[in-house]
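What follows is a single structure, written as structure tokens, with notes after it.
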Amino acid sequence: MCFEIKEQDLAGRIGRLKTKYGVIETPYLFPVIDPLLRNQYISLEEILNMGFNAIITNAYILKKNRNIDDDIHNILKFPNTIMTDSGAYQILQYGDVEVSNIDIVTYQCKIKSDIGVILDIPTRYDASREEAFRSAQETLKRALEVKEIIQECRDTLWVLPIQGGVYLDILRDAAKRAVEIAGYGYSIFALGSPTTLLESYMFDKLIEMIYTVRSVIPSSYPLHLFGAGHPIIIPLVVALGVDFMDSASYILYAEDFRYMTRRSTYRLEELKYFPCECPVCSRYSPEELMKMPKNDKIRMLALHNLYTIAREIRETKQAIREGRLWEYIEERINSHPAVKKAFNSIKKYLEYIYRKTPINRSNVKALFILSTDSLYNPKLVLSRRKVLDNMPRDTNCIIFLPYNIKADYEKHYLHVFEYQYENYCDIYLYKPVVGLIPYNLISRYPFSQHEIGIEFSREIINDLTYFALEVLIRYMNLSHDILNLKVYICSKDRWTMDFATELHLLLKHLANKISMNVVDICRNDA
1 MCFEIKEQDL
11 AGRIGRLKTK
21 YGVIETPYLF
31 PVIDPLLRNQ
41 YISLEEILNM
51 GFNAIITNAY
61 ILKKNRNIDD
71 DIHNILKFPN
81 TIMTDSGAYQ
91 ILQYGDVEVS
101 NIDIVTYQCK
111 IKSDIGVILD
121 IPTRYDASRE
131 EAFRSAQETL
141 KRALEVKEII
151 QECRDTLWVL
161 PIQGGVYLDI
171 LRDAAKRAVE
181 IAGYGYSIFA
191 LGSPTTLLES
201 YMFDKLIEMI
211 YTVRSVIPSS
221 YPLHLFGAGH
231 PIIIPLVVAL
241 GVDFMDSASY
251 ILYAEDFRYM
261 TRRSTYRLEE
271 LKYFPCECPV
281 CSRYSPEELM
291 KMPKNDKIRM
301 LALHNLYTIA
311 REIRETKQAI
321 REGRLWEYIE
331 ERINSHPAVK
341 KAFNSIKKYL
351 EYIYRKTPIN
361 RSNVKALFIL
371 STDSLYNPKL
381 VLSRRKVLDN
391 MPRDTNCIIF
401 LPYNIKADYE
411 KHYLHVFEYQ
421 YENYCDIYLY
431 KPVVGLIPYN
441 LISRYPFSQH
451 EIGIEFSREI
461 INDLTYFALE
471 VLIRYMNLSH
481 DILNLKVYIC
491 SKDRWTMDFA
501 TELHLLLKHL
511 ANKISMNVVD
521 ICRNDA
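Just so we're aligned: the sequence shown equals residues 1 to 526 in UniProt numbering.
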């Protein structure tokens with residue numbers, strides 16, 4: 001396997017997976033194709049021209065209905081990467097399939113699948129604990145059962161599904177065991193059976209499952225998420241480290257006359273206007289589509305839905321490249337209550353995301369502060385931690401000045417800097433959300449490159465105050481003369497005065513034995 005990570009933001013990656021029929025750039029969604037090409041509505045040539053250079057089809061259905069051993073690329077007349085599933089979805093829907101694990105793995109090798117999947121046992125979200133455990137264990141057993149076959153079939157990249165459903169301890173143990181088994185020839189891990197969760201909009205449960213698996217498997221392995229095809233969830237799952245997805249949603253929704261947007265789904269008859277500029281929406285109105293024959297209507301909706309998915313994938317990749325995936329998700333989380341709930345689940349795994357977020361990148365854009373959720377933005381949190389981890393020399397004089405990105409500080413606060421030079425004070429600039437900025441670091445990213453578009457609420461001022469308190473506690477621990485520690489605060493308007501007042505009160509209650517000289521150094525400054 002050759003999987004190379006080119007860019008990363010949060011735990012999301014832009015990567016390149018090399019197969020024998022081409023290179024797939026992640027994050028990527030495989031459109032599901034009917035292997036018999038019945039009611040496909042969209043031709044494979046059209047799918048390729050839309051930018052999808054890899055597809056997924058069902059080896060079990062192909063074997064059951066045609067049992068052709070020819071190269072799958074010749075069967076479908078598709079010149080690029082083809083992934084084949086094994087029939088596990090049919091097990092999920094119908095309870096069983098008429099093929100063995102060994103037979104279907106051997107068949108995928110014969111038809112020269114670029115990416116193949118063992119016949120795993122899916123875990124329904126409503127399965128009992130005992131059923132979940134059995135499906136996880138049987139899937140691992142089957143992975144070992146075909147190890148000789150997949151080791152011989154070297155041109156195919158093999159997927160090892162991880163089962164366990166919503167029982168996270170079972171899922172975690174299965175992931176650990178899967179990592180041990182991967183050495184037998186597996187190239188890609190997959191999280192199995194999320195379809196029913198997605199259909200029920202239980203995105204928060206899905207987030208927990210993704211983290212459980214992704215935090216166990218090595219970062220060098222791509223992670224596939226079966227059945228995730230709605231644009232609304234794509235940036236969230238990518239942020240946690242999902243590299244591949246697949247879905248037939250673009251056709252299934254169209255067959256039900258449902259129209260995808262990046263925020264929600266509409267029934268065609270609900271729409272007066274199309275909120276999209278794709279070739280379908282630019283040419284037709286909802287009324288015109290409603291009057292089309294059934295098959296034409298389905299085809300147009302399927303094309304639109306696939307364009308919408310493609311756009312979401314591209315926008316998510318661009319956000320990763322710019323280092324703005326967190327901001328991009330912030331923009332999206334109010335689109336649906338289930339998305340907001342999923343984002344709150346992501347916040348349970350912030351430390352994992354912070355560990356995965358690159359500290360230094362050359363091509364990041366200015367930081368956008370969009371809401372109180374920006375307080376958790378890794379770029380801000382990691383910058384704050386850097387301030388705390390690099391405390392300066394021992395001093396007993398601290399000066400806080402309000403931050404202004406355009407200010408000429410040494411000119412505007414001349415008397416403050418004269419005092420600082422005479423008394424060897426450390427100067428910090430303070431700003432809500434951003435935190436405290438050592439004066440000598442004002443030109444560093446993100447301190448010099450950010451824009452704030454929110455009001456300074458009490459919650460935000462309190463956050464700044466407690467961060468300032470943490471900095472001062474570090475100084476107390478460094479100082480040999482705690483009793484004479486002097487804190488000077490410059491405040492001129494409402495929010496800076498609120499900050500100064502709150503910090504003063506916190507310091508007074510910190511400890512009865514510590515008496516600090518807290519002075520508003522700018523109160524009489526013009």
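Positions of the beta carbon are idealized from the N, C-alpha and C atoms, including for glycine.
Source: prediction; values computed, not measured.
Is the separation between the beta-carbon of isoleucine 111 and that of tyrosine 250 shorter than 9 Å? Against a cut-off of 9 Å, the Cβ pair of tyrosine 250 and isoleucine 111 comes out as no contact.
For aspartate 71, which residues of its own chain have a beta-carbon under 8 Å away from its beta-carbon, when the five flanking residues on both sides are left out? Counting only Cβ-Cβ distances below 8 Å, and skipping sequence neighbours, we find Ile111 and Lys112.
Alpha-carbon to alpha-carbon, valine 238 and threonine 501: Cα to Cα, threonine 501 sits roughly 42 Å from valine 238.
DSSP on cysteine 2, reduced to helix/strand/coil? DSSP places cysteine 2 in strand when its eight states are reduced to three.
Hey, tyrosine 125 and leucine 160 are a contact pair by Cβ (cut 8 Å); roughly how many whole angstroms apart? Rounded, the Cβ-Cβ distance is 21 Å, inconsistent with contact.
Coil, strand or helix - arginine 384 by DSSP: DSSP places arginine 384 in helix when its eight states are reduced to three.
Using the Cβ count rule (16 or more neighbours within 10 Å means buried), how would you classify aspartate 296? With fewer than 16 Cβ atoms within 10 Å of its Cβ, aspartate 296 is classed as exposed.
Nearest CA to the CA of tyrosine 211: which residue from Gly12, Pro446 and Ile461? Looking at Gly12, Pro446 and Ile461, the one whose alpha-carbon comes closest to that of tyrosine 211 is Gly12.
Please report the distance separating the alpha-carbon of valine 97 from that of arginine 38. Each residue's Cα considered, the two are about 20 Å apart.
Selection from Leu325, Asp498 and Leu429 that minimises the alpha carbon distance to tyrosine 354: When only C-alpha atoms are compared, the closest one is Leu325.
Should methionine 209 go down as buried or exposed, given a rule of 16 or more other Cβ atoms within 10 Å for buried? By the 10 Å Cβ count, methionine 209 comes out buried.
Comparing C-alpha positions only, which one of Phe78, Phe226 and Asp493 sits nearest to proline 122? With distances taken between Cα atoms, proline 122 lies closest to Phe226.
Since lysine 431 sits in a beta bridge, which residues does DSSP pair it with? Answer is Gly435, bridged to lysine 431.
Taking the continuous beta strand (DSSP E) assigned at aspartate 85, which residues delimit it? Counting along the chain, the unbroken beta strand (DSSP E) around aspartate 85 starts and ends at 81-85.
Does DSSP put isoleucine 14 in a helix, in a strand, or in coil? In the displayed model, isoleucine 14 falls within a strand according to three-state DSSP.
Quick check on the DSSP output: the alpha helix (DSSP H) that includes asparagine 423 runs from which residue to which? Note, asparagine 423: alpha helix (DSSP H), 414-423.
Using a Cβ-Cβ cut-off of 8 Å (strictly less than) and excluding sequence neighbours within five positions of glutamate 410, which residues of its own chain qualify? Closer than 8 Å at the Cβ level, and outside the excluded window around glutamate 410, lie Phe417.
For glycine 183, which three-state DSSP category applies? Glycine 183 falls in the helix class under three-state DSSP.
Do valine 242 and proline 27 have their beta-carbon atoms positioned less than 9 Å apart in this structure? Taking 9 Å as the Cβ cut-off, proline 27 and valine 242 qualify as a contacting pair.
Outcome for serine 457 when other beta-carbon atoms lying within 10 angstroms are tallied against a minimum of 16: Counting Cβ neighbours within 10 Å, serine 457 comes out exposed, since fewer than 16 surround it.
Buried or exposed by the 16-neighbour rule on C-beta atoms within 10 Å, applied to serine 135: Label assigned to serine 135: buried.
Start and end residues, alpha helix (DSSP H) containing leucine 289: Segment 286-290, the alpha helix (DSSP H) holding leucine 289.
Between which two residues does the beta strand (DSSP E) carrying valine 23 extend? Unbroken beta strand (DSSP E) run through valine 23: 22-26.
Contacting residues, own chain, Cβ-Cβ under 6 Å from lysine 513 (five flanking each side not counted): Below a pLDDT of 50, predicted positions are generally treated as unreliable, and lysine 513, at 44, falls in that range; no measurement from the model is reported.
Which of the three DSSP states is assigned to aspartate 9 in this structure? Three-state result, aspartate 9: strand.
Residue closest to arginine 494, alpha-carbon to alpha-carbon, out of Leu436, His509, Ile104 and Lys431: Minimum Cα distance to arginine 494 is reached at Lys431.
To the nearest angstrom, how far is the alpha carbon of glutamate 288 from that of isoleucine 33? The alpha-carbon of glutamate 288 is positioned some 27 Å away from that of isoleucine 33.
Say whether chain D places a C-beta atom closer than 9 Å to the C-beta of glutamate 459. In the structure shown, chain D does not exist; there is a single protein chain.
Between the C-alpha atoms of lysine 340 and alanine 143, what's the straight-line distance to the nearest angstrom? Distance between the alpha carbons of lysine 340 and alanine 143 is about 36 Å.
For alanine 254 and leucine 301, believed in contact at Cβ under 8 Å, the rounded distance: Their Cβ separation, rounded to whole angstroms, is 4 Å, which keeps leucine 301 and alanine 254 in contact under 8 Å.
Mind checking tyrosine 421: buried by the 16 CB within 10 Å criterion, or exposed? By the neighbour-count rule (16 or more Cβ atoms within 10 Å), tyrosine 421 is not buried but exposed.
Three-way DSSP call (helix, strand, coil) for asparagine 390 in this model: Coil at asparagine 390, not helix or strand.
Assuming the contact rule is C-beta atoms closer than 8 Å, residue 572 and isoleucine 217 should be a hit. Round their C-beta distance to whole Å, please. The question about residue 572 has no answer, for the chain in this structure spans 1 to 526.
Using the beta-carbon count (16 or more within 10 Å), is leucine 436 buried or exposed? Its Cβ being crowded by 16 or more others within 10 Å, leucine 436 is buried.
Would you say glycine 229 and leucine 464 are within 9 Å of each other, going by their C-beta atoms? Pairing glycine 229 with leucine 464 gives a Cβ-Cβ distance that is not under 9 Å.
N- and C-terminal bounds of the alpha helix (DSSP H) containing leucine 140: The continuous alpha helix (DSSP H) containing leucine 140 extends over residues 129-145.
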